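Protein chains in written order, with full-length UniProt numbering: chain A, 1 to 902; chain B, 1 to 902. Data first, discussion second: the structure below is written as structure tokens.
Number of protein chains: 2
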Amino acid sequence: MATYVWDFTQGDKDQKDLLGGKGANLAEMTRLGLPVPPGFTITTEACRAFMRTGAVPRELAVEVTTALRKMEDTLGRRFGDPDDPLLVSVRSGAKFSMPGMMETVLDVGLNDTTVHGLARFSGDERFAWDSYRRLVQMFGRTVLDIDGALFSDALDAAKAARGVTSDVDLDADALRELVGTFQEIVRTHTGSPFPQDPREQLDLAIVAVLGSWNTERARLYRRKERIPDDLGTAVNVVPMVFGNLGPTSGTGVAFTRDPATGKTGNYGDYLANAQGEDVVAGIRNTLSLEDLAQRDPGAYADLRRAMRQLETHYRDLCDIEFTIERGKLWMLQTRVGKRTAPAAFRIATQLVDEHLITLDEALARVSGAQLSQLLFPQFAVSDDRTLLARGMAASPGAAVGAAVFDSATAQQRAALGEDVVLVRRETNPDDLGGMIAAVGVLTARGGKTSHAAVVARGMGRTCVVGAEAVDIDLVTRSFRVDGHVVREGDTLAIDGGTGEVFLGQVPVEPSPVSRYLEEGLDAALDHAPDDDTRELVRSVDRLLTHADTVRRLHVHANADTAADAARARRLGAQGVGLCRTEHQFLGERRVLVERVVLASGDDERQAALDALLPLQREDFVGLLREMDGLPTTIRLLDPPLHEFLPDLTDLSVRVALAHERGEDAASDERLLAAVRRMHEANPMLGLRGVRLGLVVPGLFALQIRAVCEAVVERRAAGGDPRAEIMVPLVGSVQELRLVKDEARTIMAAVSAERGVDLDLPVGVMIELPRAALTADRIAQEAAFFSFGTNDLTQTTWGFSRDDVEGAFFAQYTDNGVLTVSPFETIDALGVGRLVQIAVEQGRAARPDLTLGVCGEHGGDPESIRFFHDAGLDYVSCSPFRVPVARLEAGRAAVAETVADVR
Amino acid sequence: MATYVWDFTQGDKDQKDLLGGKGANLAEMTRLGLPVPPGFTITTEACRAFMRTGAVPRELAVEVTTALRKMEDTLGRRFGDPDDPLLVSVRSGAKFSMPGMMETVLDVGLNDTTVHGLARFSGDERFAWDSYRRLVQMFGRTVLDIDGALFSDALDAAKAARGVTSDVDLDADALRELVGTFQEIVRTHTGSPFPQDPREQLDLAIVAVLGSWNTERARLYRRKERIPDDLGTAVNVVPMVFGNLGPTSGTGVAFTRDPATGKTGNYGDYLANAQGEDVVAGIRNTLSLEDLAQRDPGAYADLRRAMRQLETHYRDLCDIEFTIERGKLWMLQTRVGKRTAPAAFRIATQLVDEHLITLDEALARVSGAQLSQLLFPQFAVSDDRTLLARGMAASPGAAVGAAVFDSATAQQRAALGEDVVLVRRETNPDDLGGMIAAVGVLTARGGKTSHAAVVARGMGRTCVVGAEAVDIDLVTRSFRVDGHVVREGDTLAIDGGTGEVFLGQVPVEPSPVSRYLEEGLDAALDHAPDDDTRELVRSVDRLLTHADTVRRLHVHANADTAADAARARRLGAQGVGLCRTEHQFLGERRVLVERVVLASGDDERQAALDALLPLQREDFVGLLREMDGLPTTIRLLDPPLHEFLPDLTDLSVRVALAHERGEDAASDERLLAAVRRMHEANPMLGLRGVRLGLVVPGLFALQIRAVCEAVVERRAAGGDPRAEIMVPLVGSVQELRLVKDEARTIMAAVSAERGVDLDLPVGVMIELPRAALTADRIAQEAAFFSFGTNDLTQTTWGFSRDDVEGAFFAQYTDNGVLTVSPFETIDALGVGRLVQIAVEQGRAARPDLTLGVCGEHGGDPESIRFFHDAGLDYVSCSPFRVPVARLEAGRAAVAETVADVR
């Protein structure tokens, strides 16, 4: 029989699907003998049932009663006991952490009677009424759906009435009165009194937490984080322990290593005489764990022990929430901690050195996305820059943008293409949209575990928190700091690696990891400013080297020029997977293309093509020189010729105006006639790629000859050129046959002319559904397949990239059709299926077929995993993505043996 | 052991793959005991080996020797015998007839010695030298690749020297001299003398015939007729019999029924004292078989007997070539004869009535393409029209176009979109391009079996032949007839059903079969001018009725308006498979669309949408009234909204000019801003279909509500409306879910408002590869799939219809990438594969899923067969294609039991 309630002595950390992350880890800590309050978890199964039916499962009430009785028996206190009441918190806890996204209700079990028992137990009447005030407020807002402003306005009014400014200055009487006011608000807005039955409170809170899975903001967060909507949340019911019972109480968050830098040691924030939400909300500035060690060495020692035990057990950085109630440590949560990119690399190699994990496991724990972050340029050190303030480095990167002071403005300006930095006193879940839109986030308050820090780190946004000198005035939309006034729209530069905030534009320089990749380990170590940086660079080097050792996928680069190719090779590319030849038709050469297009006969066109030949050949000679000894795949011309001509509308207007003015427009008219003739309603679906090559005589011949002659020239110079010819946009094997025939003729001619023996491989881009569906036939003629996943995505979905990303991508992520752009990460169900079909059919028809991908997905971490699994031989990506692809290819390989690749 | 040579006593008519059509039928006639010269066939296998290697297989020479000796033994004459030489013809014969496309060499075996033997045997020296002259000429041109003009010029010179105008006026001496001249031409152009060794002649002729499979014109013909290039031709080596040995000899072509009208009886053309090629070339006008009966009753009786035997044996119209040599009948070829569309229907039902075939077989023998031809309108009878001439009705239809006098001009003018009628003295294979380009063909000479007639009939081109009064002057590019001069470009109207040629435009009227389909059998019979027409109408009725009985596919129609729907229903449609709703946004309603687009807020947009509601509702009410009781599938708006706005370039020019002139352009500017904002680089891949519905609030809601209200109104009127809602361009199941949610809400609202219970099925168009690839998911939400094969073809191939048909379709058929437009006939390998995947996955996920097709392929005969085989439930096509689809659906069904569906 499926049971919906598990107490913490059941279950373990591997049951996150059922118990959620928090519940599974609470069970694990209980198993380890750590001091966890004896609570229970309502499973995600209950939530899924709730989502299906709109009601909690019938069996739940009975199971909750049983678990509650066991809790009461363990603690020797009873829920609703007027003398010594048991209070509980009701907390959400999904499989994947969604910080601040769902609801929590604390102090459940307080009512007009038990509040007195709590006062007696705590010996603190003010505390008891403050707890009750918090319950009514939180319950009213969260469970009863009453506008939170009503409560905070009443709180402000109470403070004003007593002439105080801070909550803590309200005494017990004032708080008792406030509870009355809050209860009145509840009665007015729900038509019923605040529920006095503790069990009714509990049941309603459980439903509210279950329901909070599907709030607008939770769904938005999930889409951003690509968490499926159908997982559901678990609900944890935990006996309350109090960090706000005086100076020997307190609450905090700790990390077993520094999640920002990866330094070894214990890190954390502690607030004396406070409840947990005060830390997370970042409302008060926190103390460090060293402060705790001085205040309460015993509790601190218990905490250190627990932390070491957890790290050894989890074999990873742990993130812990704890409360000390009158000197007694309670562990309220643990999980494998989120970390910045540098921390991820350093911690992974530290754990290897500590013999806690293998190098394969270490590789599994860093990601290409993190490596990308390490490649972000940093601000250059200079005397010019104006340092405005310092905060805490919460999420790395160097962000420059216009200051904005609210989420809506951030989204509006970002939608217009502007880079913005969101400046807030502190952030809360309502700021999520603005944080997504901004390039960086700056807060005046809060620590490294504040909402802003956690969320920004999660999404890789540059973030500086706790810059206390920043004094924000929301009315004038500006902030003051150190004599400067920064207004909305003024440029700010924030350094998420150092916590520095600068006024105006600040120049940037390469990161140490970039330097390592470009110039090698020694250069990067020499140049590193400190030991932390050196450790980071060494970590990256070890893991990337390991990735190169284990990966099966080769990594090629998309490089159009010799300079690109040289850079790609420095970054570890093992070949060029895509050289686009269209750049060779741009710039000054455009005029030659115009002559090709406007040619009145074969001779004139051939003359223009002939003029292009030496230019193309030189391009290829340079490319092949840089890629000497490595495969270099040159794609024949892909875009439609009219792309090299002026725009139809612009030219039409020009000609119409010239006529109107009586000016001579003969040359423009001739051009306009050609542009009109060549105009296509849908150029993406028009005369391009192999079609162009088959329709315009001599065009592909020119390019093929240029490749052949470049190969001959490189060979003559003692090189080892390995050019391959790639035919774009093939839909039918016959197209390939025709181009191959032409290529063979040209190779034979050049071979004869130069007395060499040319036999360059000819392959195809698979970028049309039909090519994938007829891959068996095409493979009979193709030396290789290179998946052009950009075009394949466009045709499979039937939308062009510009259109999806412009007109309706935002709407489509809002409504859940897309979780991520299919142009960023391969759409495995649709486009990926075609790739699989083509791989299977192609290999069956020609076992030695080389298979690669040269669409932009070749550099996307998740897609690389897909291509590894699909059995490709290589991925090809932009030069700067090559290291990321190397790392991800390694991770894809270890994923076959390491279960927990993140 | 594979043997490359089969003599006629081996093999039978079912071995066309190996022996070619001619060879297989010669073997069959030999088996039947008919008088066939005892020849042999070199198989297509030899041709395929020749194509692979460029040389004939080594074993061939020995096998030919063996077969030749057997032939000599049978006839008691020897090849190369100086006294009584055996001569042979060497003829191509592929599996599918390719009239006039490949080579033939006659009189092989004649040389300077045997010519005298032939003279003795025939008792006609002139005949012997004429035969030798023909051999050298034909062999020189065909085998030795010498320009034919050299020979014909020399022939003309010989006639001029003797002051005669006709070949027959050249006497034996003149011909002997001409042979010398011809041999000199051969020597000059090949460097060697004309080969005197009969066996060398034979071997060279065989190679030439094999090679003629791959001439340019043969490949062009095959592409047009969709005959695979890799079949190869067989070669038939047949002892010569002579129809030109005087008045008791002759040659002819006969049909067992009239191939033009289908009338019972024997039909044919006969030329006394002539060789077969004279008939086919149409150079001399022919006699009828009645004339033969009078001239040579014995031979005629033999022929009648053979014809009856063949028709009974083949159970079909047979087409026969025969020669009478001094009163003795020789059968030289037979095959199931090509026929016009009316003949096909009439003959099929005649054979049923004669108990030779079943109704299923009869259905298999007519085609949708033929039925389409019967629907062609005909010229109206009126006093106004100017009858220029009468010829023979060679291929039906009513063609009107500009007169042109050569193939090149026909192609040029047709490429510019002009309808042209090709007027030629007679046609030859070089005219093929022009015949394809023309709407009709008119020749001054030749009979129903001339090149023009056979080819035009094969491709369904309207054709009139043998209009002898037409006197063509190629120099002035005009013809004279009966006092009129018709110049190039003048309009001609030719009636392929009657053979009439009119000057100028002639109005047309519905064909009898159209009348039958629109008004019923009785009306059509009443209106029919003659018994032939009545028989035709009855035949169509019987076969179409039978098709309706046996077919499994339902036939729906694509109908946007009530009028279309009514017509479709009259023509037998069982539902509307596609009602496009965009026409409801055209015309006067465009202004409302502009208001939707330009709306500055939700209210303004909603007001514009509200104004459209009653208009849409009325459209649907009309449609549902006409389709009462039948499924009516209404597609939500598909095209992008900017299609309803002015063109960007036009509008830009207008605004620029207004500025230049200092005119007020405020309203145009506002429109231009919107057009610019909404402009898409590739509208086909842009914001359209379901995307539009999800992005523009209220748009689909308006349409869904209009459908719902129309259903309510029809129900209130006592009707049985069966509206279904179809969502276009779905790529992901989530898109469908969102529209379904909206539809359910609206149905619930309308149900509540009107006190009814609405639950209309909601389905999708499968028109994107991704929809097909994720059909299992989509089927979970869709009541039906309707394949939109137009868009599916565009995205699968990655080309838009306009572009493929404009810019490169011609080139792509020339180079063999496409044999037929994939927009006409479904591309089974690519697009069809997606259909199969979607059918399989969709049915697996939802066994009761309804499956149909509403792309234009739904009306294409070959595609209908594909859809039947793929297991669809219905096809939907334009109303006028409904009868064709009914017939083809029936043929697809009988194809499962009748082997030989043509």
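Glycine residues also receive a C-beta, built at the ideal position from the N, C-alpha and C atoms. All figures in this text were calculated on a predicted structure; none of them were measured in a lab.
Please classify residue i: does DSSP put it in a helix, a strand, or coil?
| i | result |
| --- | --- |
| Thr427 (chain A) | coil |
| Ala438 (chain B) | coil |
| Ile778 (chain B) | helix |
| Phe479 (chain A) | strand |
| Leu303 (chain A) | helix |
| Cys579 (chain A) | strand |
| Ile146 (chain A) | coil |
| Cys854 (chain A) | coil |
| Met1 (chain A) | Reliability of the predicted coordinates at Met1 (chain A) is poor, the pLDDT of 42 falling under 50, and no value is obtained from them. |
| His679 (chain B) | coil |
Quick one: residues in its chain with C-beta nearer than 7 Å to the C-beta of residue i, no 5 flanking neighbours on either side, listed in chain order?
| i | result |
| --- | --- |
| Pro377 (chain B) | Ala398, Val508, Glu509, Pro510 and Ser511 |
| Gln606 (chain A) | Gly698 |
| Leu758 (chain B) | Cys708, Val711, Met747, Val750 and Ser751 |
Residue range of the beta strand (DSSP E) that residue i falls in?
| i | result |
| --- | --- |
| Asp107 (chain A) | Thr104 to Val108 |
| Ala467 (chain A) | It is not in any beta strand (DSSP E) - Ala467 (chain A) carries neither H nor E in the DSSP assignment. |
| residue 903 (chain B) | Nothing in the structure corresponds to residue 903 (chain B), since chain B is present only between 1 and 902. |
| Phe502 (chain A) | Glu500 to Leu503 |
| residue 905 (chain A) | The first residue shown for chain A is 1 and the last is 902, placing residue 905 (chain A) beyond what the model contains. |
| Ser751 (chain B) | It is not in any beta strand (DSSP E) - Ser751 (chain B) instead sits in the alpha helix (DSSP H) that spans Val733 to Arg754. |
| Leu329 (chain A) | Lys328 to Val336 |
| Gly232 (chain B) | Taken as a continuous stretch (DSSP letters only), Gly232 (chain B) belongs to no beta strand (DSSP E), as it is neither H nor E. |
| Val88 (chain A) | Val88 to Ala94 |
For the alpha helix (DSSP H) containing residue i, name the first residue and the last one.
| i | result |
| --- | --- |
| Ile185 (chain A) | Ala172 to Thr190 |
| Val537 (chain B) | Asp531 to Val550 |
| Gly20 (chain A) | Lys16 to Arg31 |
What residue from the options has the CA that sits closest to residue i's CA?
| i | options | result |
| --- | --- | --- |
| Arg390 (chain B) | B:Gly499, B:Ala172 and B:Arg445 | B:Gly499 |
| Leu329 (chain B) | B:Asp296, B:Thr349 and B:His313 | B:Asp296 |
| Ser97 (chain B) | B:Phe620, B:Ala299, B:Lys263 and B:Gln333 | B:Gln333 |
Only counting the same chain, and skipping five residues up and downstream in sequence, which positions put a Cβ closer than 6 Å to that of residue i?
| i | result |
| --- | --- |
| Val831 (chain A) | Leu792, Thr793 and Thr796 |
| Leu521 (chain B) | Asp541 |
Taking 8 Å as the limit between beta carbons, can you name the residues of its chain near residue i, skipping five residues before and five after?
| i | result |
| --- | --- |
| Glu669 (chain A) | Val655 |
Cβ-heavy atom distance between residue i and the ligand NAD below 7 Å?
| i | result |
| --- | --- |
| Asp647 (chain B) | Judged by which ligands are present, the structure shown has none, so any question about the ligand NAD falls away. |
Just checking, does the stretch 750 to 759 of chain A make contact with the stretch 705 to 718 of chain A on the three C-beta pairs under 8 Å criterion? yes
Are at least three pairs of beta-carbons, each pair with one atom in the stretch 47 to 64 of chain A and one in the stretch 111 to 128 of chain A, less than 8 Å apart? no
Three or more beta-carbon pairs under 8 Å between the stretch 764 to 780 of chain B and the stretch 718 to 737 of chain B, yes or no? The stretch 764 to 780 of chain B, when compared against the stretch 718 to 737 of chain B, does touch it at the 8 Å Cβ threshold.
Say whether the stretch 463 to 474 of chain B touches the stretch 436 to 450 of chain B, bearing in mind that this needs 3 or more beta-carbon pairs closer than 8 Å, one atom from each stretch. yes
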